[in-house]
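There are 2 protein chains.
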Amino acid sequence: MNEPETEPFDTHDTHDADDTPDAHDGGLLPERERVLWAALGRIVEPGDERAGELIDEWGPEEALARLTRALPAGVAAPDGAREIAHGALIGARLICRGEAGWPTQLDDLGSVRPVALWVRGRASLRVLAVRSVAVVGARACTGYGQRLAADLSVSLTERGWTVCSGAAYGIDAAAHRGALVVGGPTVGVLACGVDQVYPRANEQLLRRIAEQGLLLSELPLGAHPNRPRFLQRNRIIAALTRGTVVIEAARRSGSLNTARWAGDLCRQVMATPGPATSSLSAGTHELIRRGAVLVADAGEVVEQVGGIGTDLAATPEGRERLRDALAPETLRVLESLPASTRGGSVESLVQRCLLGPDVVLRRLYELLSLGLVERLGAHWRLNPACKGTS
Amino acid sequence: MNEPETEPFDTHDTHDADDTPDAHDGGLLPERERVLWAALGRIVEPGDERAGELIDEWGPEEALARLTRALPAGVAAPDGAREIAHGALIGARLICRGEAGWPTQLDDLGSVRPVALWVRGRASLRVLAVRSVAVVGARACTGYGQRLAADLSVSLTERGWTVCSGAAYGIDAAAHRGALVVGGPTVGVLACGVDQVYPRANEQLLRRIAEQGLLLSELPLGAHPNRPRFLQRNRIIAALTRGTVVIEAARRSGSLNTARWAGDLCRQVMATPGPATSSLSAGTHELIRRGAVLVADAGEVVEQVGGIGTDLAATPEGRERLRDALAPETLRVLESLPASTRGGSVESLVQRCLLGPDVVLRRLYELLSLGLVERLGAHWRLNPACKGTS
């Protein structure tokens, strides 16, 4: 409790670069280019449109040179290689534009899309993002809002949706916890470096998100949060997901900003109702009046965001494409599933695959989010609709 | 408590026909015609479209003759004169189509508009209906819903809107009570004769509605409620008002039927939100998802239904028309209001007008609903915008 506000995570969860999903998923950029993006990530402030346009116009190398020249006297030029090496040491990896792991949804942000992403956690961001929903809301929420967020998140996770949020107090934390409690992944998008512990009291939550899902930030390692960064962080949550659900928000809440981004990006904007007399529901009610869809449970959320990606697994051709895209480890788990309609337990799969239970569970959730497997209580089975190919 | 379920009101509130607002408002039909409508009201079941078409086609006399001929053997022909005489005895008066007191909004119902209306109470239905809103909802409501209905109704009444409801348990009763508690009128539309006490436990409430506002029914005196009649009653609530607010409704609640009527009649459909987890809010949430406007307070209701009628008092010409339409008693109250911006108390007006406090208050609410006066706490004053004519 006496440590500094933004103490780095310890480094016990370092791992080989070869083991990352991005390496599996077929392709990092050449190291020379990755170094450029890491350096750009260090000097471009989130949402800097001018810098974004510069990069789009001149490419990363020339843009970096120009941006570096424009740095105030005495500020050291960024060292991308050192950033990446430091990341590897503390279990944080870089995902660059154009790499296989890059979630192309973010490109909808145009010139304000992130320069690069730092992630902690071994799941594949790209896979998790395919069927993801943002669940956000007030920090100082009510018990009602907290329960609602957790329940919604449990049900969304069990239906194979990844819950994405901001890892803040209140609704955000409840949303992440709901996913974690049923063994699912969840994505926390931070307004600081992924090595930072903010807010301090969420330390354990942040650690669990990184273990079971992903922590994600466009900010470089060591970066501290501030108000503009919180607002820019919201655009990533909105862009990454198929839709944003706001659960409790006062009339000027930051989560309304996330909803605005979602609307501007043509994502689904949803909000949960609450007592007409609650000031913490005034913001969500206002959203609904302005056209957000009122949702009261996970089924209603899925009704809004379902569709497109879900259908991929429905055609033999789509299933083939999905299988080709799977990391070898994921494919191993998929192929170890018994043909019986009862399926198998995580323990039985651990025996068959010779992978750790955490890894098996993570891969199962990837497969679930792709519609290739189903969960039946403690058992997992092949999605009957997909049996032709597996 | 041992009386029969639908015991008639006692008759202490009988009054002269000349004292009714309809007589004042300039015009009853000839007694010969009123008798026909009273008889039709006796034999036409609410919402009977065939009978409605027959009346539209052949007029009341011929339609009555045909409908009477079609009665089963042994059923006595209706006696309209006796109906009216009985009504006068027990303080119930008939309003016929084409009379000055007929609320023409009901004609939007076309061939299913009521044949005739029975009312108890001395207010003018037509005046009260000009700026009226339906507030309806579940019988078995929660404490939250009950408080919300009462608060909404208090605020709507204080803004000069007449709250109309079904005088049932739960939300309906709370809505009526909210209006009554601030001294305002309210309209209760019944699914039985206006002389019936149903539900039994609402006896006192029904009496107060009749004293301070109006009880209204298309059913003849003595008629008992049943399920089809409840559903048909809802069309009158929807048609009479500018909009319907549903406060708490389960998924198959009768109040959703009122909302459907309101939508079909191009009235505003509004619903209040509640906890996402409450089954008693599932119906209102469904309504909102289907396009009803989410409202959380009276201001938001007025935003939806305000407009048209409110503007009548804004032009000198409109004010002249309004004054011409006033009953002499109402005009007396209007003219007794002091010119000062402070206005006067009900007590002071009682002295000036030589009318009872109940009458003065009722007339003040009529004037309020017409936009001619304003209420400032315990004082009433001329609406500054209307001073030119009064």
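Here the protein sequences line up with chains P and R, keeping their order.
Here the first sequence is numbered in my numbering, starting from 1 and rising by one per residue.
Here the second sequence is numbered in my numbering, starting from 391 and rising by one per residue.
Even glycine gets a Cβ: it sits at the ideal position worked out from N, Cα and C.
Distance, residue j Cα to residue i Cα
i, j, result
"P/L152", "P/L221", "32 Å"
"R/S669", "R/R641", "8 Å"
"R/W651", "R/G746", "39 Å"
"P/G98", "P/R32", "14 Å"
"R/A460", "R/A471", "21 Å"
"P/V333", "P/E366", "10 Å"
"P/G193", "P/V346", "33 Å"
"R/H614", "P/G263", "53 Å"
"P/E286", "R/I637", "18 Å"
"R/G573", "R/E435", "35 Å"
"R/A768", "R/S738", "11 Å"
"P/A179", "P/G188", "11 Å"
"P/A77", "P/A51", "16 Å"
"P/L322", "P/L372", "9 Å"
"R/P420", "P/T284", "57 Å"
"R/S514", "P/L265", "54 Å"
"P/L64", "P/R126", "26 Å"
"P/T186", "P/W58", "36 Å"
"P/L368", "P/P384", "12 Å"
"R/L426", "R/L609", "15 Å"
"P/D107", "P/Q146", "32 Å"
"P/A175", "P/Q304", "18 Å"
"P/L216", "P/L117", "7 Å"
"R/R424", "R/I485", "8 Å"
CB-CB length for residue i against residue j, believed under 8 Å
i, j, result
"P/A134", "P/T244", "4 Å"
"R/A686", "R/P663", "7 Å"
"R/L538", "P/A276", "6 Å"
"R/L510", "R/R752", "Looking at the sequence itself, residue 510 of chain R is Arg, so the reference to Leu does not match. Wrong, their Cβ atoms sit about 14 Å apart, outside the cutoff."
"P/I236", "P/P60", "At roughly 20 Å, the Cβ-Cβ gap does not stay under 8 Å, so P/I236 and P/P60 are not in contact."
"P/A173", "P/L190", "Rounded, the Cβ-Cβ distance is 13 Å, inconsistent with contact."
"P/S132", "P/T241", "5 Å"
"P/L128", "P/G213", "7 Å"
"P/G160", "P/V112", "Contact flag wrong, Cβ pair sits at about 30 Å."
"R/R679", "R/R732", "About 48 Å; that fails the 8 Å criterion."
Closer than 7 Å to chain R by CB, residue i
i, result
"P/R289", "yes"
"P/L215", "no"
"P/A298", "no"
"P/A276", "yes"
"P/L294", "yes"
"P/H285", "yes"
"P/I308", "With a pLDDT of 49 at P/I308, under the threshold of 50, the predicted position of this residue should be treated as unreliable, though the coordinate-derived value follows. No, its Cβ sits nowhere closer than 7 Å to a Cβ of chain R."
Residue i, enclosing alpha helix (DSSP H) - first and last residue
i, result
"R/T634", "Note, R/T634: premise wrong, no alpha helix (DSSP H); beta strand (DSSP E) at G633 to I637."
"P/L216", "From DSSP, P/L216 is part of no alpha helix (DSSP H) but of the beta strand (DSSP E) over L214 to S217."
"R/E690", "A688 to V695"
"R/C743", "V736 to C743"
"R/H476", "G470 to I480"
"R/L724", "P718 to S726"
"R/S543", "G533 to E548"
"R/T667", "Note, R/T667: premise wrong, no alpha helix (DSSP H); not H, not E."
"R/G568", "I561 to V571"
"R/L496", "Premise fails: R/L496 is in no alpha helix (DSSP H) and is neither H nor E."
"P/T68", "E49 to R69"
Any C-beta of chain P under 7 Å from that of residue i
i, result
"R/T634", "no"
"R/L538", "yes"
"R/P663", "yes"
Span of the beta strand (DSSP E) around residue i
i, result
"R/L762", "R/L762 -> no beta strand (DSSP E), and no H or E assigned at all."
"R/A628", "No beta strand (DSSP E) holds R/A628; the alpha helix (DSSP H) holding it covers R617 to L630."
"P/T162", "T162 to S165"
"P/T186", "T186 to V189"
Against chain P, which members of the segment 547-560 of chain R pass a CB distance test of less than 9 Å?
none
At a CB distance below 8 Å, what residues from the segment 128-145 of chain P approach chain R? Give them in sequence order.
Y144
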